[in-house]
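Working notes for the structure below.
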């Protein structure tokens with residue numbers, strides 16, 4: 004896969020450009036990204052002063068939402084120069100003169116399809132934010148911060164009514180820590196940026212030819228021999244997931260297989276389709292190392308590995324990669340070639356379909372749904388697999404027509 008980090012950045016730039024164009028053609032002059040579904044601007048402003056107060060009510064008044072309010076107040080203070088003491092954040096009981104009143108109906112499950120809708124009303128009676136879930140309220144707080152203006156009138160928010168809900172339930176950013184390792188604090192900074200524009204999935208590319216970036220207790224050579232010492236401990240993985248969850252962001256890990264397997268082979272050469280030794284790559288590209296798909300030892304290894312990863316990562320999805328397997332090692336291995344002939348596999352694509360189905364069994368056994376790049380989209384693939392299209396929209400459309408869920412990372 005070509006320059007995934009660059010692709011992610013281009014995607015964000017394109018999102019910004021699209022939002023700017025949409026705002027320019029909108030009847031409102033508000034600079035909001037992404038543009039809400041419905042915006043009605045009125046004449047007037049709410050002035051933010053040091054007496055600004057916030058109160059939260061409803062079953063969705065969770066610690067996650069409280070944390071979001073505190074972050075909003077810090078950012079508002081940084082932007083405005085105003086100081087908001089701890090008493091700014093109030094309980095609703097007995098309070099009527101509150102600048103910002105937040106009502107959240109219930110805690111939101113951090114899962115695909117969670118209700119992220121909200122309504123934001125700014126008018127003569129102050130600011131009212133209503134959401135079905137605490138996650139929806141977090142999205143509304145980001146919109147509110149984008150509305151804040153600092154000018155000769157002071158710190159103001161325009162009178163406006165906004166009704167908003169996401170067009171797409173999966174709005175992701177991929178961070179490729181395998182090719183370009185990023186410290187935890189950098190990952191967190193990216194999560195903050197994601198939250199600011201309402202992205203809700205961190206697609207964490209942790210394994211590729213250039214490095215194996217996650218600690219594995221069952222097979223420690225993976226992170227010891229194939230990372231140059233640059234990997235995330237299990238505690239750090241948990242730390243990132245917790246940080247993301249507090250912002251309503253899911254974390255979906257990717258472990259690229261059966262191609263892009265140099266790191267796997269560097270640590271455990273017996274997994275590869277041809278004898279080693281191997282060394283992790285120092286540049287990007289498509290390389291030959293591929294795991295051996297006909298050895299039962301391969302699947303026993305992967306079963307143990309994915310059992311550990313399934314317990315470590317909370318989300319219901321894990322990403323297998325599956326892209327850019329050039330098939331060179333499989334064609335060069337006489338045992339694999341003979342197996343393909345006996346099984347009636349016409350080419351290495353058919354061999355990869357067999358591999359995908361075996362790994363899918365492992366994922367299912369450990370309670371995870373499989374995602375793969377669009378190269379895995381082949382005849383007979385079960386429809387509970389999600390097709391992630393990076394090469395073009397055509398594969399996504401074809402997958403959808405056959406009953407598959409899909410993710411598009413192309414077209415920007």
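Residue numbers (the working numbering): 4 to 415.
Glycine residues also receive a C-beta, built at the ideal position from the N, C-alpha and C atoms.
- In this structure, the beta-carbon distance from residue 369 to residue 408 does not fall below 8 angstroms.
- The Cβ neighbour count for residue 54, taken over all protein chains shown within 10 Å, is under 16; the residue is labelled exposed.
- Secondary-structure assignment with DSSP links residue 205 through a beta bridge to 176 and 254.
- For residue 161, there is no enclosing alpha helix (DSSP H); the enclosing beta strand (DSSP E) covers residues 157-167.
- By the Cβ rule, the segment 322-337 counts as touching the segment 266-280, because three or more pairs are nearer than 8 angstroms.
- Of 287, 293 and 288, the smallest CA-CA separation from residue 281 is found for 293.
- Residue 268 is classed as buried because its beta carbon has at least 16 other beta carbons within 10 Å across all chains shown.
- Contact between residue 382 and residue 327 does not hold, since the beta-carbon distance rounds to 20 angstroms and is not under 8 angstroms.
- Two segments are said to touch when three or more pairs of C-beta atoms, one from each, lie closer than 8 angstroms; by this definition the segment 116-124 does not touch the segment 229-239.
- Membership of residue 314 in the alpha helix (DSSP H) is indicated by the continuous run 299-315.
- Burial state of residue 89 is exposed, judged by a 10 Å Cβ sphere holding fewer than 16 other Cβ atoms.
- The C-beta distance from residue 48 to residue 146 rounds to 16 angstroms, too long to fall under 8 angstroms, and the pair is not in contact.
- Beta-bridge analysis with DSSP links residue 235 to 217.
- If you look at residue 132, you'll find it in the beta strand (DSSP E) that goes 129-136.
- In this structure, the beta-carbon distance from residue 252 to residue 217 does not fall below 8 angstroms.
- Rounded to whole angstroms, residue 165 and residue 385 show a C-alpha spacing of 41 angstroms.
- With contacts defined by Cβ atoms closer than 8 angstroms, residue 187 and residue 242 form a contacting pair.
- A check of alpha carbon separations from residue 262 across 221, 205 and 331 identifies 331 as the nearest.
- Each residue's CA atom was taken as its position, placing residue 87 and residue 73 some 10 angstroms apart.
- Here residue 412 has 393 as same chain residues with Cβ atoms under 6 angstroms from its own Cβ, once five neighbours each way along the sequence are excluded.
- If you ignore the 5 residues before and after residue 361, its C-beta comes within less than 7 angstroms of the C-beta of 302, all in its own chain and listed in chain order.
- For residue 211, same chain residues with a beta-carbon under 7 angstroms away, outside a window of 5 residues either side, are 181, 182, 259, 263 and 266 in chain order.
- Leaving aside the five residues that flank residue 184 on each side, the residues in its chain whose CB is nearer than 6 angstroms to its CB run, in chain order, 233.
- Secondary structure note for residue 333: it is in no beta strand (DSSP E), and the uninterrupted alpha helix (DSSP H) holding it is 331-335.
- The segment 381-405 contains, as complete alpha helix (DSSP H) runs of 4+ residues, the segments 396-404 (chain order).
- Going by beta carbons, residue 40 and residue 168 fall inside the 8 angstroms limit.
- The Cβ atoms of residue 137 and residue 114 lie no closer than 8 angstroms to each other.
- Here residue 342 carries a helix assignment [DSSP, helix/strand/coil].
- Straight through space, the alpha carbons of residue 387 and residue 289 are spaced by roughly 28 angstroms.
- Residue nearest to residue 296 within the set 321, 256 and 351 is 351 (criterion: CA-CA distance).
- Judged by DSSP secondary structure, residue 106 falls within the beta strand (DSSP E) whose first and last residues are 103-109.
- Residue 41 carries a strand assignment under DSSP once its states are collapsed to helix, strand and coil.
- Per DSSP, the continuous alpha helix (DSSP H) segment holding residue 360 begins and ends at 351-368.
- Residue 192: member of the alpha helix (DSSP H) spanning 187-199, first to last residue.
- In the DSSP secondary-structure assignment, residue 50 is bridged to 159.
- 329 is the residue among 329, 317, 141 and 312 whose C-alpha sits nearest the C-alpha of residue 291.
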